[in-house]
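**Q** If you're matching positions, the sequence shown starts at 1285 in the working numbering and goes up one per residue.
Dropping the structure in here first, questions after.
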Amino acid sequence: MMDAGMRADAKRLCLADGPHTREIIEHMQGWQKREPWFYSKWIFNKYTYALLSAAVLCAVGFSITAFPVHTNVLAFVVGYFLSQFIFGWGHMTTHALYLETPTEKWEPGVLVAYLHHYSHPKEIYKNWLVHRLNFVMQAKGCRVAYFAVWFLPVLFFGVKLLPLWIWYLFWFSAIEPVHEYYHVPKNERRAHFSLPLYLGLRLLDVSGLLDEETHKEHHRHNRDQLGTVSKFYDLYCPFADTLFDSFWKTAIHCREKLEARGEEEPIRAALFALGSIIVPTTFFVSCFVFNWMVG
Ligand SMILES: [Zn+2]
Ligand SMILES: [Zn+2]
Ligand SMILES: [Zn+2]
């Protein structure tokens, strides 16, 4: 049985009653001790999520009204690919966490993602808020995703990149709802999402950018066979297969060597080493092309 405090937590965290509810709450409480600010009840709740979503949409509105159409179209397209690209890296490092890092160190959203992989896929939408807020609260990954990769481009190209950054945020914030959409049974989708979000997801669905089948393939891997994890992206992304599979396999390949050197998280270390060159370079080149095409 859950006590009153736990029930209150379950409500604030929007957790549906399930076999892992208590585990998720206790995990969350552990993080509350470590990072009292992020995980306080004043911050980690559905209102924060609504506020962040509204802020992203306002920024998009601003971009549409303040910049020419062709700039927005370009930012829409380039931002889409950049957000998928960085998500793929975050996703690979998350799978590395599952393999080599003790559970207490996983951020709450990582635990939910783990459960959706290895307990039951529905865990992701039964515990939707914890999973969705993950992309803002995962301290290290988010500092990279929101700011670090933009540092160099902004230094070179300045505020001209603003519409690109805005559309990138838009796409980046769309990834988790899309992932959730894949796992919500079709007849529950309308009730599960808010109306605007549902309509947005339907629009993406009919536009052909969603790819449920590929995501099913991502789920079809053997936990003990590291090399079998594949399909690290959630929305349509050509070349992603070849790219991410080779990054992932390279990291797995380096594992033993790094382990021998005393590295405690060898796969993550390899991914970070690879990523620290490839990710900023990709962002810089994309921003260069954007800047050049916008004129
Ligand atoms: Zn995964
Ligand atoms: Zn996800
Ligand atoms: Zn999934």
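Where is the CB? At the ideal position from N, CA and C, for every residue including glycine.
Report the three-state DSSP secondary structure of Leu1519 (helix, strand or coil).
**A** Judged by DSSP in its simplified three-state form, Leu1519 adopts strand.
**Q** Taking the alpha helix (DSSP H) that Asp1525 falls in, what are its first and last residues?
**A** Ala1524 to Ala1544
**Q** Leaving out the 5 sequence neighbours to the left and right, which residues in its chain are closer than 7 Å to Gly1511 when beta-carbon positions are compared?
**A** Only Lys1533 and Ile1536 meet the Cβ criterion.
**Q** Within a Cβ cutoff of 8 Å, which residues of the same chain sit near Arg1236, ignoring the five residues on either side of it in sequence?
**A** For residue 1236 there is no data in the structure shown, the boundaries of the chain being 1285 and 1579.
**Q** How about Phe1567: is its C-beta nearer than 9 Å to some C-beta of chain B?
**A** The chain labelled as chain B is not found in the depicted structure, where only one protein chain is given.
**Q** Does the beta-carbon of Lys1389 have 16 or more other beta-carbons within 10 angstroms, so that it is buried, or is it exposed?
**A** exposed
**Q** For ligand 3, I want to know if Ile1536 counts as a neighbour, meaning its beta carbon is within less than 8 Å of at least one of the ligand's heavy atoms.
**A** Checking every heavy atom of ligand 3 against the Cβ of Ile1536, none is found closer than 8 Å.
**Q** May I ask whether a heavy atom of ligand 1 can be found less than 8 Å away from the beta carbon of Phe1369?
**A** no
**Q** Beta carbon of Thr1378: closer than 8 Å to some heavy atom of ligand 1?
**A** yes
**Q** Using only the heavy atoms of ligand 1, determine whether one of them is closer than 8 Å to the beta carbon of Phe1516.
**A** Correct: Phe1516 has its Cβ closer than 8 Å to ligand 1.
**Q** Could you please give me the residues that DSSP links to Leu1494 through a beta bridge?
**A** Leu1519
**Q** Report all residues from its chain with a CB closer than 7 Å to the CB of Ile1551; omit the five preceding and five following residues, and keep chain order.
**A** Excluding the 5 residues flanking it on each side, Ile1551 has same chain C-beta neighbours closer than 7 Å at Ala1380, Leu1383, Glu1384, Ala1535, Ile1536 and Arg1539, in chain order.
**Q** Give me the residue from Leu1519, Leu1453 and Pro1386 with the minimum Cα distance to Trp1434.
**A** Leu1453
**Q** If you draw a straight line from the C-alpha of Lys1325 to the C-alpha of Cys1298, how long is it?
**A** 12 Å
**Q** Between which two residues does the alpha helix (DSSP H) carrying Gln1313 extend?
**A** Thr1305 to Arg1318
**Q** What residues in its chain sit with their C-beta under 7 Å from that of Val1580, if we drop five residues either side in the sequence?
**A** As displayed, the chain neither begins before 1285 nor continues past 1579, which places residue 1580 out of reach and without an answer.
**Q** Is Val1573 a contact residue of ligand 5, with contact defined as CB to any heavy atom under 8 Å?
**A** No copy of ligand 5 occurs in the structure displayed; its ligands are ligand 1, ligand 2 and ligand 3 alone.
**Q** Report yes if the CB atom of Ala1544 is closer than 9 Å to the CB atom of Phe1369, and no otherwise.
**A** No, Cβ-Cβ distance for Ala1544 and Phe1369 is not below 9 Å.
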